[in-house]
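The opening position of the sequence shown corresponds to residue 134 in the working numbering, with each subsequent residue numbered one higher. Just so it is clear, CB atoms sit at the ideal spot from N, CA and C, and this is done for glycine as well. Predicted model, so just to flag it, every value in this text is computed and none were measured. Comments concern the structure below.
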Amino acid sequence: MSRACAFAFLMKLSRASALPVLVLACLAFVCFSVGFTVTPSFAAGQEPGEMPPALRAPLQQLYSLTAAVDTSLRNFPTIRHAKARVMQTRAGITLARTAYLPTFDVLFQELRTTSNVIAGAIFPQTLDVIPMQTGAEKRGSSLSSVWANNAGANFSWELYDFGLRHANVGLAKSDYAAANAQVRLTDLDVAAAAAEAYLQTVAAKQTIRAQKATVKRMEAWALIVHTLVDKGLRPGVDAARADADLSFARIALIEAERETELARVDLSESMGLAGSYIGIEDSPWIKRPAKLFVAQVVDLGLHPYAILRNAEVKTAGSQVQVLNKTYYPHIWLHSAIWGRGSGVRNNVLSPVADGALPQVANWVAGLSISFPAMDYFKIKAQKRMAIQNEQAQRASYDLALQVLAQKDARAKILLENARRIADETPVLIKAAKENEIKALERYRVGLSTIVEVAEAERILARAEVEDAVAEVRVWRSILACAYAQGNLSPFMSLVASAEGSK
Numbered sequence: 134m135s136r137a138c139a140f141a142f143l144m145k146l147s148r149a150s151a152l153p154v155l156v157l158a159c160l161a162f163v164c165f166s167v168g169f170t171v172t173p174s175f176a177a178g179q180e181p182g183e184m185p186p187a188l189r190a191p192l193q194q195l196y197s198l199t200a201a202v203d204t205s206l207r208n209f210p211t212i213r214h215a216k217a218r219v220m221q222t223r224a225g226i227t228l229a230r231t232a233y234l235p236t237f238d239v240l241f242q243e244l245r246t247t248s249n250v251i252a253g254a255i256f257p258q259t260l261d262v263i264p265m266q267t268g269a270e271k272r273g274s275s276l277s278s279v280w281a282n283n284a285g286a287n288f289s290w291e292l293y294d295f296g297l298r299h300a301n302v303g304l305a306k307s308d309y310a311a312a313n314a315q316v317r318l319t320d321l322d323v324a325a326a327a328a329e330a331y332l333q334t335v336a337a338k339q340t341i342r343a344q345k346a347t348v349k350r351m352e353a354w355a356l357i358v359h360t361l362v363d364k365g366l367r368p369g370v371d372a373a374r375a376d377a378d379l380s381f382a383r384i385a386l387i388e389a390e391r392e393t394e395l396a397r398v399d400l401s402e403s404m405g406l407a408g409s410y411i412g413i414e415d416s417p418w419i420k421r422p423a424k425l426f427v428a429q430v431v432d433l434g435l436h437p438y439a440i441l442r443n444a445e446v447k448t449a450g451s452q453v454q455v456l457n458k459t460y461y462p463h464i465w466l467h468s469a470i471w472g473r474g475s476g477v478r479n480n481v482l483s484p485v486a487d488g489a490l491p492q493v494a495n496w497v498a499g500l501s502i503s504f505p506a507m508d509y510f511k512i513k514a515q516k517r518m519a520i521q522n523e524q525a526q527r528a529s530y531d532l533a534l535q536v537l538a539q540k541d542a543r544a545k546i547l548l549e550n551a552r553r554i555a556d557e558t559p560v561l562i563k564a565a566k567e568n569e570i571k572a573l574e575r576y577r578v579g580l581s582t583i584v585e586v587a588e589a590e591r592i593l594a595r596a597e598v599e600d601a602v603a604e605v606r607v608w609r610s611i612l613a614c615a616y617a618q619g620n621l622s623p624f625m626s627l628v629a630s631a632e633g634s635k
């Protein structure tokens, strides 16, 4: 019923009795006030702590942690980039091996040319601007032209290069090994990032629940304080302090909601679904893993990051090896067969088809040795650069081992402390609740000030947040240990067990 209809209905009743009309008017006002002050989000069935539906992307589906990791491994662009790099370097090996193949070139030319020839020399040309001219020298010059042709085939094969081609193949294989190591590291990084983003979203969502409980307590507390102030049992400043504490609690809830939505954005990006609204299952991660995770002592040299750095050292060494084999002779086998024809009539042989077809043929075969004598200084400088690059890569490998050892030690410390904190938070919650109850009772009977109650509420709020994320922090620490050791399989095994028993 609209407000206008209700008003018309009350006007009709006013003709009968004034007092009943007044009562009905009061009831109608209360009903309409309550009806129009219902929060739209809760009326629509929105869960507390979630962004209004109009402000978020459509919910795609609920993802388990395992599904989120699998999706990231399928979708994330850096994995496709790394795999494409593998295929590129694999083709590079094939390309390097083609240097062992001989060359076979075929040429046919059909020309219309003048026949003026003069004795003299010409330097080799970079751009081949001036064509070569053969034949007997002529006294005069004429622009009349004749047909001419050239046809031939050349077969050449590098017989021996003192290991240069083998070194180039080794360099290509080193690039391929480094690309494969990059794929393994990228897989590890992407999977760990997705799992971390998932657990971060779970922790943020648990923080919302803790902050919502705090808001409800502060609302009840503010009502009590206002009641006591209205009765003159407490000063008016207590009501202002209670309202301020309630506002702080609501702001903390808003901030928790913001962090949750930001965590969802990061999660969707880490899964390769940026912009999607990802639903999560948080129940398995608010309790301790069923199986105890024990951080093992592992060889950090087997971590994908260390393997990648070691592969880069080998690649740099292969570059040095290539330069070591560069300043050597090259032994070639050459052979060729060719034929030429000309329409010039003063030749000993008569033209064939007026010079359009070859009229003489030749062949040649032999060995040649080439040696870039003056490349010594250039190759020496290149080798010096390559050696220093190899030393730099070795330093990077040593640094990688240092970083991995640090991360492994830190992860183990964080895991141990996360477990101890999770064991302590139930005690903290119990003590904080008892402290709050006693502070409220003391305030009601006038034995304490509102400051004591506010401090008790603050302690309980912190305790609830700490307890809400304690078990999630254990899971995140296990993930950090698994990542530091370069193998997420133990962590994912615990995840599968937790998701199967939820």
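Could you tell me the distance, in whole angstroms, from the CA atom of residue i to the CA atom of residue j?
i      : j      : result
Asn568 : Ala326 : 40 Å
Ile251 : Pro264 : 13 Å
Val370 : Leu561 : 31 Å
Asp704 : Glu394 : This structure cannot settle anything about residue 704, because the visible part of the chain is limited to 134 through 635.
Glu599 : Glu352 : 21 Å
Thr582 : Ala389 : 29 Å
Phe381 : Ala589 : 15 Å
Thr199 : Ala613 : 16 Å
Ser401 : Ile554 : 30 Å
Ala217 : Ala551 : 40 Å
Arg367 : Lys571 : 18 Å
Leu361 : Glu557 : 36 Å
Ile611 : Gln524 : 35 Å
Phe504 : Thr459 : 10 Å
Gln535 : Pro437 : 14 Å
Lys540 : Ser622 : 18 Å
Gln452 : Lys516 : 8 Å
Glu392 : Ser626 : 29 Å
So what's residue i in DSSP terms, helix, strand or just coil?
i      : result
Ala284 : strand
Gly412 : strand
Arg473 : strand
Arg421 : coil
Asn550 : helix
Ala254 : coil
Val536 : helix
Asn568 : helix
Leu276 : coil
Asn495 : strand
Arg609 : helix
Leu580 : coil
Leu366 : coil
Leu244 : strand
Assign residue i to buried or exposed, taking buried as 16 or more other Cβ atoms, counted over all protein chains shown, within 10 Å of its Cβ.
i      : result
Lys424 : exposed
Ala502 : According to the sequence displayed, residue 502 carries Ile and not Ala. Classification for Ile502: exposed.
Lys338 : buried
Phe142 : Summary for Phe142: the model assigns pLDDT 38, below 50, so the residue's position carries little reliability; its value from the coordinates is reported in the next sentence. Exposed.
Ser248 : buried
Gln221 : exposed
Met507 : exposed
Arg207 : exposed
Ser277 : exposed
Val239 : exposed
Ala449 : buried
Ala256 : Position check: residue 256 holds Phe in this sequence, whereas Ala was assumed. With fewer than 16 Cβ atoms within 10 Å of its Cβ, Phe256 is classed as exposed.
Glu604 : buried
Tyr233 : exposed
Glu597 : buried
Tyr576 : buried
Can you tell which of the options has the C-alpha that lies nearest to the C-alpha of residue i?
i      : options                           : result
Ala528 : Gly472, Glu445 and Gln339         : Glu445
Lys566 : Val586, Glu549 and Gln221         : Val586
Asp378 : Arg367, Thr360, Ala355 and Ile440 : Ala355
Trp496 : Ile470, Thr227 and Arg478         : Ile470
Met409 : Leu627, Ala631, Ala201 and Ala596 : For the sequence presented, residue 409 should be read as Ser rather than Met. Selected option, being the one with the closest Cα: Ala201.
Arg442 : Val358, Ile357 and Ala310         : Ala310
Gly296 : Ala603, Tyr616 and Ile464         : Ile464
Gln266 : Asp363, Gly253 and Leu260         : Gly253
Leu116 : Tyr530, Arg342 and Gln454         : Residue 116 is absent from the structure shown; the chain starts at 134 and stops at 635.
Trp280 : Asp399, Ala486, Ile419 and Leu406 : Ala486
Ala489 : Val477, Ser275 and Gln521         : Val477
Asn313 : Gly303, Gln526 and Arg223         : Arg223
Give the C-beta separation of residue i and residue j to the nearest angstrom, bearing in mind that I take them to be a contact with Cβ-Cβ under 8 Å.
i      : j      : result
Gly474 : Asn282 : 5 Å
Leu332 : Trp608 : 6 Å
Arg383 : Val348 : 6 Å
Arg397 : Thr340 : That belief does not hold up - the Cβ atoms of Arg397 and Thr340 are roughly 13 Å apart, past 8 Å.
Ile316 : Val427 : A small correction: the amino acid at residue 316 is Val; Ile does not occupy that position in the sequence shown. So it is not a contact: roughly 29 Å between Cβ atoms.
Ser205 : Glu632 : Between Glu632 and Ser205 the Cβ distance is about 16 Å, and since that is not below 8 Å, they are no contact.
With a threshold of 7 Å (Cβ to nearest heavy atom), would residue i be considered close to the ligand MG?
i      : result
Val560 : Although the ligand MG was asked about, the structure shown includes no ligands whatsoever.
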